[in-house]
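Asker: For the sequence shown, full-length UniProt numbering assigns the number 1 to the initial residue and increments by one for each residue that follows.
Just so you know, even glycine gets a beta-carbon here, dropped at the ideal spot from N, CA and C.
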Amino acid sequence: MKIHKAAEERHVLTVTVDNEAGILARIAGMFTARGYNIDSLTVADITENHSVSRITIVTHGPQSVVDQVRYQLERLVPVHKVVDLTENGPYVERELALIKVAGTGEKRVEALRVAEIFRARPVDTTTESFVFELTGAPDKIDSFVALMRDLGLVEVGRTGIVGMIRGATEA
């Protein structure tokens, strides 16, 4: 007997929720209880009166698993809307990273040259190190970090992914 494993796909979900205590823990607990993994998680208040938040979740899994995740999220009481950006057509996703690089001499010059190519902005500079700010697609940040490893990478901090559907319509 052959067991067919469904192809895993990357999905970016946005979840609009009431901004109340414990909702993030309930969502994370729902993923944990069902054995689903969260690759990236970001949360931000999106209304002037601080009553609604938007949670962006990146997860991997077969389509059937992602559909189950969406169904379970929609059943949580303070959830207003769940949108799978991956299925809704073209969308934009970005991430912010702070990358600390230490070095002197040629390595320092090369780090600055590479940063300029990637449009990474130095936000802190000492005689022995830089902290670069880089915004872009996760692949761009991964590439920049990989190049900085040989030039004196010290530390990386990443925000997680935020995404929106392209065009004038709301997700």
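Glycine 29 lies in the alpha helix (DSSP H); which residues open and close that run?
Answerer: Indexing the sequence shown from 1 puts residue 29 at position 29. Start and end: 23–33.
Asker: Just to confirm the assignment: which complete beta strand (DSSP E) runs, minimum length 3, are found wholly within the UniProt domain "ACT" (12–87)?
Answerer: DSSP runs (the beta strand (DSSP E)) wholly in the UniProt domain "ACT" (12–87): 38–45, 52–61 and 79–84.
Asker: Can you tell me the Cα-Cα spacing of leucine 96 and alanine 44, whole angstroms?
Answerer: Within the sequence shown, the letter at position 96 stands for residue 96. Within the sequence shown, the letter at position 44 stands for residue 44. C-alpha separation (whole angstroms): 14 Å.
Asker: Would you mind sorting aspartate 18 into buried or exposed? The rule is 16 or more other CB atoms within 10 Å of its CB.
Answerer: Looking up residue 18 in the sequence shown gives position 18. It is exposed - the Cβ of aspartate 18 has fewer than 16 other Cβ atoms within 10 Å.
Asker: Would you say glycine 163 and valine 65 are within 8 Å of each other, going by their C-beta atoms?
Answerer: In the sequence shown, the residue the question calls residue 163 occupies position 163. In the sequence shown, the residue the question calls residue 65 occupies position 65. No. Outside cutoff.
Asker: Over what stretch of residues does the alpha helix (DSSP H) that includes leucine 147 continue unbroken?
Answerer: Here residue 147 is taken as the residue at index 147 of the sequence shown, counted from 1. First-last of the alpha helix (DSSP H) with leucine 147: 138–149.
Asker: Is the beta carbon of threonine 56 sitting closer than 8 Å to the one on isoleucine 161?
Answerer: Numbered from its first residue, the sequence shown carries residue 56 at position 56. Numbered from its first residue, the sequence shown carries residue 161 at position 161. Yes.
Asker: Once the 5 residues before and after valine 82 are set aside, which same chain residues still bring their CB inside 7 Å of it?
Answerer: As a first step, residue 82 is located in the sequence shown; it is residue number 82 there, counting from the start. The answer, listed in chain order, is Leu13, Val15, Arg70, Leu73 and Glu74.
Asker: Taking alanine 102 as the reference, which of Phe31, Pro90, Asp150 and His80 has the closest Cα?
Answerer: Here residue 102 refers to the residue found at position 102 when the sequence shown is read from its first residue. For alanine 102, the nearest C-alpha among the options comes from Asp150.
Asker: Which ranges would you report for the alpha helix (DSSP H) in the stretch 86–124 if only whole runs of at least 4 residues count?
Answerer: With a minimum length of 4 residues, the continuous alpha helix (DSSP H) runs that stay inside the stretch 86–124 are 106–118.
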